[in-house]
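Asker: Before anything else, here's the structure in question.
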Amino acid sequence: IQRMQKLQDLVTTMLELWNLMDTPIEEQQEYQHITCNIAASEHEITEANSLSEDFIKYVEAEVVRLNEVKASKMKELVL
């Protein structure tokens, strides 16, 4: 349940960042199989390894990347 909650939190953040930065659909498609499960309960997740630590780190890395892009864009606005 903790992994599921962490994954849902990461996906929520990822969706918010995509929306904020108008991320193209093409970039989002790589994560479509993840985002479609955001409201699923743990027993509804059927994709193999979708709650593994490696998979969560994979999603976490995308959120970190998006936050870095956001910070970079904010710096551009200030300068």
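Using the UniProt record's numbering, read the sequence shown as starting at 1 and increasing by one per residue. Cβ atoms here follow ideal geometry from the backbone N, Cα and C, with glycine treated the same way.
How many Å lie between Ala40 and Met74 at the Cα?
Answerer: For the purposes of this step, residue 40 is identified with residue 40 of the sequence shown, where counting begins at 1. For the purposes of this step, residue 74 is identified with residue 74 of the sequence shown, where counting begins at 1. Distance between the alpha carbons of Ala40 and Met74: 34 Å.
Asker: Kindly indicate the opening and closing residues of the alpha helix (DSSP H) around Glu62.
Answerer: As a working note, residue 62 is residue 62 in the sequence shown. From DSSP, the alpha helix (DSSP H) with Glu62 extends over 53 to 78.
Asker: Helix, strand or coil for Met21 per DSSP?
Answerer: As a first step, residue 21 must be located in the sequence shown, where it is residue number 21. DSSP places Met21 in coil when its eight states are reduced to three.
Asker: Just to confirm the assignment, what range does the alpha helix (DSSP H) spanning Ile1 have?
Answerer: Residue numbering aside, residue 1 sits at position 1 when the sequence shown is read from its first letter. Careful: Ile1 lies outside any alpha helix (DSSP H) and carries neither H nor E.
Asker: Leu20: which of Asn67, Leu79, Gln32, Glu62 sits nearest, CA to CA?
Answerer: Position 20 of the sequence shown holds residue 20. Minimum Cα distance to Leu20 is reached at Asn67.
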